[in-house]
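The block underneath contains the structure these notes are about, expressed in structure tokens.
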Amino acid sequence: MPDLPTPQDAAEAALFTECWDAVLSYADLCTSGAASATELASEAFALGIQEARSAGSGPMRAPTRRVLPVIPLLLTAVRTTAAEWEFAGRGHRLDPDLRLWLNSDKAARFHGMPLQRPIALRGLRDLQEPDAALLWLAEVEALPLTVVARRLGLDPAIVSGELAQVRGLFRDRCHRNHLDSPMAAECRSYARLLDAVTRSPSADTPEDLSRHLATCVQCAEAAACLRLQGGGLPSALASGVIGWGGLAYLERRRRAAEVRLGAGRPVAELEAGEPREGASKARLVRNGLLVAAVLLSFVALGVSMMPMGGSGRENTASDDADTQPVIDPGSTVSSVGTHPSTTPSASGRPTASDSRASAAPSDKNPDTEPQGTASATASDAPAPTTGAPARPPAAASCDVTYDLVGQWNDGFQATVTVTTTKALDNWRVAWSYRDGQQVTQMWDASVAQDGSRVTATAADYNKNVAANGSLTFGFLGTWNNSKNSAASGFTLNGAACD
């Protein structure tokens, strides 16, 4: 299996991270097993990146001839590589339906005469690369417009209008390509009528044209590309550019977008990037109530732990002669320590100092096994603990996937995906390395490293994560030892993850 190409810079590294998931998703559709899918994806990725670099697509420098955007270019490389497998005697590793398609006239259309290729493929190729990328990311990859704008460096305030203009340009290119295509006399007689009917969302399709579209594949494909209303454009693009499995790939990308962005999150919130004003106020009210509830809980806890009985000793720290000391008077004041802060942590969970408050020593049950404390005492005798039973450790509320995308002589690229069971309005992910790795650059988060411990903090645009949703970020790093072990000890906002 060939090694993945090495990113030439940070922009290309980010591009690799965004594209690999799409390539592997389609390769999985094309093959009969996970191992074959990974091998097919790796070969196709190397082939597609080489073509993109030579053609100057996207951030690949040296603009020359116009080509497809990077993701559809890589997907067509998967189809091309699958065809090479079939004709090289490796077809048994491909999906059986794909093998039938590769040996049919349908597959020949994608690499045959240019004027006989699918209308959608020709129309997308005729657009400027940034326009084509905008159309593909929004329609096929199903990404919210704010995410598309960030990837392409567009103004989020105008990206919706830009997309509407690009849709119109794509329609015009497809109409021109349809008229340029060699077609039968009957098809040409319906060309003007097909253009007029698909321009108006309220126009009815004449019965004779409807019968023709039911029997003519070429005109039906053109109609799907020309009709911008009705939600058929994503299917037309996926089927016309990818070919076999285009609709299945489209559905997979829809589901992947839902998982990445969090199921149940309002569409308007996803597209706006920030919650609405009412939602922000509601969140502030909920957070205020939560803080008040936590404060009251700790006050009640402190009151309940105050000693009520006397032992005949006088407490010099209080004016009340009847109040008894909490610890042995032989200890210094520092052995008591200050009362733990009652302010909750940013994640809404008690901090380490809160945990010590629940284990504060008491004059009851003096024979209980002592617990560790952060403050030093004048006596070597350990402080006794309260008789309350210890709470069981909370179950981890997050899962982490650490994906080593690729590595080379002294560097590597990796992505981290964290799935959280709780909704987050900010996040901080930390982990440790064992082999002296150093993170040099990160995207979709800001990075700080102290020795072997790395901390990634959310960016402004992705700090909100829905319950049972996921967050993802990628980075480049260096390694100088003999191995590059995976990271360990992951935490999300201070809580350990699985």
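For the sequence shown, the positions run 0 to 497 when numbering that gives the first Met the number 0 is used. All residues carry an ideal CB built from backbone N, CA and C; glycine is no exception. The model shown is predicted, which means the values in this text are computed figures rather than measured ones.
- prompt: Is it a yes or a no for the stretch 466-485 touching the stretch 434-451, going by three-plus beta-carbon pairs under 8 Å?
  reply: yes
- request: For residue 80, I'd like the list of residues in its chain whose CB is within less than 7 Å of its CB, leaving aside the five on either flank, ordered along the chain.
  value: 39, 42, 43, 46
query: How should residue 472 be labelled, buried or exposed, when 16 other C-beta atoms within 10 angstroms of its C-beta is the threshold for buried?
result: buried
- prompt: residue 109 and residue 231: beta carbons closer than 8 Å?
  reply: no
Contacts around residue 166, its chain only, beta-carbon distance under 6 Å, and the 5 residues preceding and following it disregarded: 227
- prompt: Taking buried to mean at least 16 other C-beta atoms within 10 Å of its own C-beta, is residue 407 buried or exposed?
  reply: exposed
message: Going by DSSP, what residue range makes up the beta strand (DSSP E) through residue 397?
response: 397-406
- request: Give the secondary structure of residue 486 by DSSP, where H, G and I count as helix, E and B as strand, and everything else as coil.
  value: coil
task: Report yes if the C-beta distance between residue 240 and residue 129 is below 8 Å; otherwise report no.
output: no
Collapsed DSSP secondary structure at residue 80 in the structure displayed: helix
field: Which listed residue (220, 402, 229, 484) has its alpha carbon closest to that of residue 186
entry: 220
- request: Within the stretch 214-255, note down every full alpha helix (DSSP H) run reaching 4 residues or more, in order along the chain.
  value: 216-225, 232-240
query: Among 403, 91, 161, 427, which has the Cα closest to the Cα of residue 31?
result: 91
- request: Go through its chain and collect everything with a Cβ distance to residue 131's Cβ below 6 Å, but skip five positions before and after it.
  value: 68, 123
- prompt: On the premise that residue 208 lies in contact with residue 225, defined as a C-beta separation below 8 Å, what is that separation, rounded to the nearest angstrom?
  reply: That belief does not hold up - the Cβ atoms of residue 225 and residue 208 are roughly 12 Å apart, past 8 Å.
message: Can you check which of these residues, 218, 48, 419, is closest to residue 183 by C-alpha distance?
response: 218
- prompt: Just curious, the beta strand (DSSP E) that residue 475 is in, first and last residue?
  reply: 468-477
Collapsed DSSP secondary structure at residue 196 in the structure displayed: helix
Where the alpha helix (DSSP H) containing residue 464 begins and where it ends: Where residue 464 is concerned, there is no enclosing alpha helix (DSSP H), given that its DSSP letter is neither H nor E.
Buried or exposed (CB count within 10 angstroms, at least 16 for buried), residue 6: buried
message: Can you list, in chain order, the residues of its chain with a C-beta nearer than 6 Å to that of residue 12? Leave out the 5 residues immediately preceding and following it.
response: 6, 412, 475
- prompt: Where do the N-terminal and C-terminal ends of the beta strand (DSSP E) with residue 411 fall, by residue?
  reply: 410-419
Endpoints, the beta strand (DSSP E) within which residue 37 is located: Note, residue 37: premise wrong, no beta strand (DSSP E); alpha helix (DSSP H) at 33-54.
query: For residue 93, which residues does DSSP report across the bridge?
result: 30
field: Start and end residues, beta strand (DSSP E) containing residue 104
entry: Looking at the DSSP string, residue 104 is not in any beta strand (DSSP E); the run it does join, the alpha helix (DSSP H), is 104-107.
message: Run through the DSSP bridge pairs and tell me what residue 441 is partnered with.
response: 474
- prompt: Can you tell me whether DSSP reads residue 448 as helix, strand or coil?
  reply: strand
query: Who are the Cβ neighbours of residue 489 in its own chain at under 6 Å, not counting the five residues just before and after it?
result: 399, 430, 496
task: Per DSSP, which residues does residue 430 bridge with? Please list them.
output: 453
- prompt: Are there 16 or more other CB atoms within 10 angstroms of the CB of residue 540, so buried, or fewer, so exposed?
  reply: Residue coverage of the chain in this structure runs from 0 to 497, which leaves residue 540 outside it and unanswerable.
- prompt: With burial defined as no fewer than 16 other Cβ atoms inside 10 Å of the residue's Cβ, what is the status of residue 233: buried or exposed?
  reply: buried
task: Please name the residue or residues paired with residue 491 in a DSSP beta bridge.
output: 428, 494
task: State the CB to CB distance for the pair residue 464 and residue 426, rounded to an integer number of angstroms; the pair is presumed to be in contact (CB under 8 Å).
output: 6 Å
field: Beta-carbon contacts of residue 258 that lie in its chain and below 7 Å, excluding the five residues immediately before and after
entry: 469
message: By DSSP's criteria, residue 423 is part of a beta bridge. Which residues make up the other side?
response: 464
- request: Find the nearest neighbour of residue 245 within the set 251, 252, 237, judged by alpha-carbon distance.
  value: 237
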